[in-house]
Structures are given as structure tokens and as C-alpha cells.
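Chemist: The numbering used here numbers the first residue of the sequence shown as 86 and each following residue consecutively.
We put the beta carbon where it would ideally sit given N, CA and C, even for glycine.
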Amino acid sequence: MLRADSSSPQPSVLLLVAGTLSLVVGCLALVYPHLFAGPPVPVALRQLHLELSRLTVLFLVSGTCGLLAFAVKARRDRRPALGLAALATLPFVATLVHAAHMRVWMGVALAGAFALGLLLDTARPWHGVGRAPRCSALAGVGLATALAFAGLGLIAPGAFGWPAGAWLADALPYLIGGMGAAAALLAAGAVLPRARALAHAGAALPFLALAVGAGTIGRWVGVVTYGMLGAGLALEPWLLGLLQHRIQHRQAQSQSVAVFEFATEAVAWGFTLLVALVALLTDDPGRRVWLGAVTVASSLFTTAWYHLVPATGGICRTVFAATVYSALTTAFVWLTGGVHSPYFFLVFLPTLTLAWTHAPRTIIVPAVLPVAGMLAEAVLAVRSGVPAPGTVVAVGVPRLVGLLLVSGLAYVLAMRNLQGRRKVEESHRQLQTVLTHMAEGLVCTDSAGRIQLCNPVAAALVGRTPEDVHGAPMTVAMPFRQLDGAPLAPAAHPLRRALGGQPVPWLRVQLAATPALPVAVTATPLRDDGHLRGAVVLLRDARAEVEMERVREDFFFIASHELRTPLTVMKGNLEMALEADPPEAVRAALEDALASTTRLIRMVNDFLDAARLEHGALTVRVEDGDLCLLVQQAIDTLRPDAERKGLMLTYVAPAALPPVRMDAERTLQILVNLIGNGIRHTTRGGVEITHAVEDHVVETCVRDTGAGIAPEQHERLFTRFGQLERGLTRTTGGSGLGLYISRKLAEQMGGTVVLKASTVGRGSTFALRLPAAAVPAASR
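Okay, structure coming up:
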């Protein structure tokens, strides 16, 4: 038996039971009026002098509306379901009024429980929204009915209206006990979900026993009502399992299949309501019976086919359904005039539905039935002579030709659909081949970041299959971290940036798999008609790249360490030579050599600092300090460079700048780097240094009037060897490590270095942000 899962949306079984109950009562009352004497109809309606069979058809219409409300709620939790459920309560309201007039109080309680339960159950949301209710609506109706029966049996045993001598009167104490036990079992099932199926099965027995007893005294409406209620309670767990399985299958369907199924079900319900309306309006009682039978068959088949029967079997399943509806429409057309029927067009619909399938030859199956019906009608007309065979032929031949033309059109459409499907399948196979053999991982997401497409390479990076990660949020299925293992800020996540409309160039992150894996990632927004539909993410295993960089760093570390000593000796010797007052021609050469040696030493120091930062060997000592003093020292150091280029260094120390938490030596290194960058990349104007304090953070801005930085180059600024041309040539010097080292040093002091603003041709502004020192409580 399939189990119901409260986490998925499940419409109530009560609508299913109540709709079927109305249909059964109405149908039996039409077929066996001598046993039923019609359904319970209030005296006020009987006084309208309407035919009893016509009033019975109202039960069929209401039952159809009940099952349609069930179908609408199974697909959408919307107001139409509540309106249809209100129509479905009409038989129960009529029964309640009739029972009250006849003083059958048990009928009042039973009909009232059904009517109220239908409205309340349809009005509340799906069971899967929030928390599933403890007591199902059907169990609530059963509980109310059992309590009412037990209460009436104890308070007023004669209120049931049973004929004298009926064995039910002698068995009343046992029935009261059974109904009390049923109420207790239903209450226990609400408290103990695991025992619910067993409790409902036990509670169904008294209702089934009462249905048998009602049959012995000729109360056939009671037989059907109590029997349906008992059967519904016993079968509810199984029905809920079928409903859950069908809903889960529907949620997994493709959009095209879901639309096709929804459209065909809507047409089927429209046909059912049309048949019920024609049955209500026809004047022939015998034809009304047959039209009622078609209504019942169409209602029950549509409900079971689209909401209970598992959707397996492929094209055979679709052809079977089309054949059933072809038989129903053929019967309806036959009952309403045959080839003269104004509803003859309905026989085209089952054939047209197969035009959207992928088996063109199957169209023959539903088309055979209306053709056979027209031929049979022609044969009967020839044999009887009424109406004249000529009239039948004159009307039937054009309609037969029309049916054949529609079938041919459906065949052509099905062939085109089949060819299109084959092309799509071929394209899909080619795409799968490309995705499978790609060297890089590819992930496509929707606008919410859920994975819609993933090739095997990308899934293998996290040790899963494409099917495992399909539909999962990419940030969960493939979590990224910084290369050092630190969490990646949400705003810096490549996918989030791409979903925000910003393309992300290749960058290296760590994929938090087992074990952790360095990957290179790029993300691109996916747009369609100007709307952002998702993102395309490419991933590449970067272990080899990271290992090569590690080898390179080790080489630079060793080479730089070995170069620094001889370079320092060379610098000292050059300085001593200059102090000896050499000839002017020799002095120029010595000064050039000293400048180049100084620049080499600075580059070597940058290499060493970068290597120490990567290996965690460079530490800082943070303490409170005067930032203005360090800025002035940096300006004094770099002023000769600025004066040689004719640049202005502007700095006005603020009157009250709070102390800053920093390592003075490393902060001076950052300031010299930022101001020196401004001087190197500026040809006219100058460099301005300012301060700002906000939220206990002291910001030092270095603004130059140089070449500026293009937006597409911003990503490279703070990476290793990320030197940019910035409109000039590499003759400006620099190792490409200055900004990388500056940011790393600032982060170790609890701050950062950022590019605050930059305009090509107008200059850039970099900001050093450091935490302000805490103000002592006594000085506040």
C-alpha cells in the first residue's frame, strides 16, 4: 500500500466520497425509481410539479460538481473549488431539509456533517501547506456521525424512525456501542498517526453494518450513504497514497506534458457538465436515464484517470483514455439525435487530442467508434425507413467526411510532432555528448540559483551525479570558500554576482568537497528577451595550477632571499662610491645603478613579503598608534619622487583623529605603497591624502589625478602580479604585488584596502580602512 506523505499537497478524500455518493444516489434513483422513490427532495421542490427524474438529475449535476471541485483543488488551491463545493452540498442540504420535515434527526445530522465538512475542507489550504491536520475531513464527518448516532440512540431511541419489528430496534444497543467505538477509534487515529489506517478500518465496520441493516428495512439511501462513508474510511489511507503518488508524478512532469494533461482534463470535465445539463433539460425520461449513466461514467472515469490511476504506460495509456472518451461522446451523440445531433462536433475531440502525441497511427483507434456509430445508424435507418435513409445519408456523409478530414489533420499534426520530437531528441543527444566530453564543468541555474543542468564533470567535482544535484540550490550542492578555507562572503559568491547581472571572470575558490578542492570559476548571466533567466557557471579543477603557483612561490622565495644579500652589498658600495665625489660622467652612471638596485631591492622585498603572507610566516603586532604621524613620514619619504615629476603632495592632518589599532611598520609600508602608486601613475596634478571616521573605522583615502583604471580591470587589482597598464607602459615599474601585499597586511590588522573610485583619464582613489582604538571609559 502506498503511504501518504504529509509534506506533499493532498486534496481531501471527502470531496471524492461526497461527489461519488451524490452520483450513485442520483443514478440508482433514475434506474430503480420503484426502490428509491427518488432521492430525498424537500416538499417545497415537489410542489413545483417537476418530474421526479428531472429532480434526480440535479443530484447527478451536484455530484459532478463535487468531483470537479476535487479535481480543481488537486491542481490549484483556488476559489473555483469552493464555488463548486457549494454546488456539491445542494443534495446534502436538500436531504437535511427533507429529513427535518420528516423528523428523521439522524438524517439531519448526517447530511449536515457532509455539507459542513465539504465547505470547510475545500476552504482550507492543501494538507502539504504548513502542517498536515491531525484529523482528515472524512474522519471528521465520520466522528460527527458516530457521535450523533450514539447520542440519539441514548437520548431518543425512537428518533430513528425504524419500522416496528425491525431487527435494528433489538440491535440498537449494539449499534450504539459500535458507533461509540467508531468515534473512539477515529479520535485515537487523530492522536496516533501511525495507527490511523488501522483505526479507520475498525471505525468503518459499524457504518458498514448499519448500511446492511438499512437495506433489510428498505432504506436504500441509507444503504448507499452509510456504505460509502464506511468504505471511504476504510480506503482513505490507500486513496491518499494514490493521490500522493499522482501529485508527485504531476510535479515531475515537463511543462508541455503538464499543459497537455491539464487541457485534456478541462475538456473532459466540460463534456461531462454538458451531458449533465442536457440530461437535466431533456423531456424523455428514458433518454434521461441513459444520459445520466454517461454523466456518471464520465465523472468517475475522469476523476480516477487523472488523479488516482498511476500515470504509467506511455502512449498506450493516452490511446486508452482517448478511446474511452470516444465511446462516451459517441453514446452522447447517439442519444441526442445521432448524425442529426447538434453535439456531433464532440466526436472530433478525442481524435484531436492524439495529434499532440508521438504515435500517429493510434489516431485510428478513437476514430473507429464514431464511424461505426454512424454506419450502424445508417443500417438501422435503412431497415426501419424512419427517418428516410436519404436524409440520414445526406446528413451522415458530410459528417463522416468531416470526421475523416479531422482524423487526417490530426495524423499530419502527429507526424509533425513526431518529427519535431526526433529532432529535439537528436539535439539533446548531441548536447549530452558535448556536455559529457567537456573538459570543464558546466552548471546552468534558474533565476533562483537552482541547478537545471549539470554535466558529469561538474557533478564529479563534488562526488555526485547530475541527477543528484538537479533542482538543488547551487550554493548548497557546490559550496564555495576562499582558497585559505575562510567563508566566502555572500556578495562575493560568483553565482550571486551573475544572478545580479554582473559577469564574473575566472577566479579561484575552494570547493568545500571531501577533500577540499581548489577550482577556477567563471559565471555569466543568462538572459532571454532582456530578462535575467539564470546563470551559466564554468568550473575547472585548479589543483595543477595551484601546485604550479606554489612551486613558483617557493622559487621566488628562495631566489629573493638569495638575491637580497648581494643587492644590499651592491647598494652599499654604490652609495660609498657616490660619497667619494666621483667625476660627473661617472656620477650619473652610479646614480642610475643605485636607483635600479634600490628598485630591485624593493621588488625582492615584495616577493619575500608575498611569500611570507602565503605561508603565514609574516606576523603583525597591533597596538594603538598615531596614523597622522605615519602619513607624514610616508610623504616625507616620497616627496623627492613627486618633486622630480613636478607633482603636488597635499595633506592636511585633521585636528582630532582618533588613535588607530595598527602595526606602525606595516601601516607605513601600506601608505608608502599607495602614495607611491599614485605618484608613479600620475603625470600631471598630484596626490591628495585625506581622512574620514565612520562607525569606529578610520579611512585614509589616497586620491591621484592619473590615468585611472578601466572597470574590467578592477578584479585584477588585488591579485598577485596584477599590475595593470593603466594607460601607461610597464616603464612605471612595480612588481605587481604592492596592492596584494597591502590588502593582506591590512586584513591582518583587522582592516582592508579597497579601490573606492576610479575614472579613466581622471584618476583613482584608494582607501586604507583600519579600526579605531577603543576610547577609555574615563575619557568619555
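Going by DSSP, name the residue or residues bridged to ILE566.
Modeler: Position check: residue 566 holds Arg in this sequence, whereas Ile was assumed. In DSSP, ARG566 forms a bridge with PRO572, GLN595.
Chemist: Sort GLY371, HIS334, ALA294 by Cα distance to VAL116 and report the nearest one.
Modeler: The shortest C-alpha separation from VAL116 is found at GLY371.
Chemist: Out of PRO551, VAL636, LEU490, GLU773, state which residue places its alpha-carbon closest to the alpha-carbon of LEU723.
Modeler: Comparing Cα-Cα distances from LEU723 to each of PRO551, VAL636, LEU490, GLU773, the minimum goes to GLU773.
Chemist: Who are the near neighbours of PRO564 in its chain, counting only those whose CB is closer than 6 Å to its CB and skipping five residues on each side?
Modeler: Closer than 6 Å at Cβ, skipping near neighbours: ALA597.
Chemist: Measure the beta-carbon distance from LEU31 to ALA382 and round it to whole angstroms, keeping in mind my assumption that it falls under 8 Å.
Modeler: This structure cannot settle anything about residue 31, because the visible part of the chain is limited to 86 through 865.
Chemist: What is the residue span of the beta strand (DSSP E) that ILE536 lies within?
Modeler: Unbroken beta strand (DSSP E) run through ILE536: 536 to 539.
Chemist: How far does the alpha helix (DSSP H) with HIS285 in it reach, from first residue to last?
Modeler: Per DSSP, HIS285 belongs to the alpha helix (DSSP H) from 281 to 301.
Chemist: Bridge partners for GLU779 per DSSP, in chain order?
Modeler: Bridge partners of GLU779: VAL782.
Chemist: Considering only the alpha carbon of each residue, which of VAL342, HIS781, GLY585 lies closest to ILE400?
Modeler: Residue VAL342 is the option with its Cα nearest to ILE400.
Chemist: I need the DSSP call for MET834, collapsed to helix, strand or coil.
Modeler: MET834 falls in the coil class under three-state DSSP.
Chemist: First and last residue of the alpha helix (DSSP H) that includes SER411?
Modeler: Residues 400 to 420.
Chemist: Beta strand (DSSP E) containing TYR736: first to last residue?
Modeler: 733 to 736 is the extent of the beta strand (DSSP E) around TYR736.
Chemist: By DSSP, does HIS799 sit in helix, in strand, or in coil?
Modeler: Helix.
Chemist: Based on Cα-Cα distance, which residue from ARG446, GLY377, GLU350 lies nearest to ALA406?
Modeler: Residue GLU350 is the option with its Cα nearest to ALA406.
Chemist: Between the Cα of ASP780 and the Cα atoms of PHE851, VAL716, ALA859, which residue gives the shortest distance?
Modeler: Nearest C-alpha to ASP780: ALA859.
Chemist: Would you decide whether TYR259 is buried or exposed? Buried here means 16 or more other CB atoms lie within 10 Å of its CB.
Modeler: TYR259 comes out exposed.
Chemist: Using 9 Å as the threshold, is the C-beta distance between ALA396 and ARG331 below it?
Modeler: Result yes, Cβ atoms of ALA396 and ARG331 sit closer than 9 Å.
Chemist: If you follow the alpha helix (DSSP H) that GLY317 is in, where does it begin and where does it stop?
Modeler: Per DSSP, GLY317 belongs to the alpha helix (DSSP H) from 305 to 336.
Chemist: Return the Cβ separation of GLY848 and THR785 in integer angstroms, given the expectation that the two are a contact with Cβ distance under 8 Å.
Modeler: Not a contact, Cβ separation roughly 17 Å.
Chemist: Alpha carbons only, please: which of CYS220, GLY262, ALA241 is nearest the one belonging to ALA231?
Modeler: Answer by Cα proximity: GLY262.
Chemist: Give the range of the beta strand (DSSP E) segment to which VAL621 is assigned.
Modeler: Its beta strand (DSSP E) spans residues 616 to 626.
Chemist: To the nearest angstrom, report how far apart ALA166 and PHE155 are at their CA atoms.
Modeler: Rounded to the nearest angstrom, the two C-alpha atoms are 7 Å apart.
Chemist: The beta strand (DSSP E) with LEU27 in it runs from where to where?
Modeler: With the chain covering 86 to 865 only, the question about residue 27 has no answer from this structure.
Chemist: Check whether the stretch 731 to 749 and the stretch 830 to 837 are in contact - that is, three or more C-beta pairs closer than 8 Å.
Modeler: The stretch 731 to 749 vs the stretch 830 to 837: in contact.
Chemist: Can you name the start and end residues of the alpha helix (DSSP H) that VAL554 belongs to?
Modeler: Run containing VAL554: 551 to 554, per the alpha helix (DSSP H) assignment.
Chemist: Is there contact here, the stretch 487 to 496 with the stretch 507 to 514, by at least three beta-carbon pairs under 8 Å?
Modeler: Not touching, per the Cβ criterion.
Chemist: Rounded to a whole number of angstroms, what is the C-alpha to C-alpha distance between SER843 and ALA348?
Modeler: Each residue's Cα considered, the two are about 57 Å apart.
Chemist: Taking the beta carbon of SER221 as the centre, do at least 16 other beta carbons fall within 10 Å, making it buried, or is it exposed?
Modeler: Buried: at least 16 other Cβ atoms inside 10 Å.
Chemist: Could you please give me the residues that DSSP links to SER843 through a beta bridge?
Modeler: Beta-bridge pairing links SER843 to SER849.
Chemist: Do ALA452 and LEU488 have their CB atoms nearer than 9 Å?
Modeler: Contact flag set, yes.
Chemist: On a Cα-Cα basis, can you pick out the residue from ALA378, VAL394, GLU346, VAL363 that is closest to LEU327?
Modeler: Closest option to LEU327, Cα to Cα, is VAL394.
Chemist: Applying the criterion that 16 or more other CB atoms from any shown protein chain within 10 Å of the CB defines a buried residue, is GLN754 buried or exposed?
Modeler: Buried: at least 16 other Cβ atoms inside 10 Å.
Chemist: Looking at the ligand FAD, does it come within less than 8 Å of MET500, judged from the CB to the closest heavy atom?
Modeler: In the structure on display, the ligand FAD does not appear, and there are no ligands present to speak of.
Chemist: Where does THR54 fall in DSSP's three states?
Modeler: One cannot answer for residue 54 here, as it falls past the ends of the chain, which runs 86 to 865.
Chemist: The beta strand (DSSP E) with ASP748 in it runs from where to where?
Modeler: Per DSSP, ASP748 belongs to no beta strand (DSSP E) and is neither H nor E.
Chemist: Given a cut-off of 9 Å on the beta-carbon distance, is the pair GLY58 and GLY761 in contact?
Modeler: Look at the range of the chain in this structure, 86 to 865, and you will see that residue 58 is not part of it.
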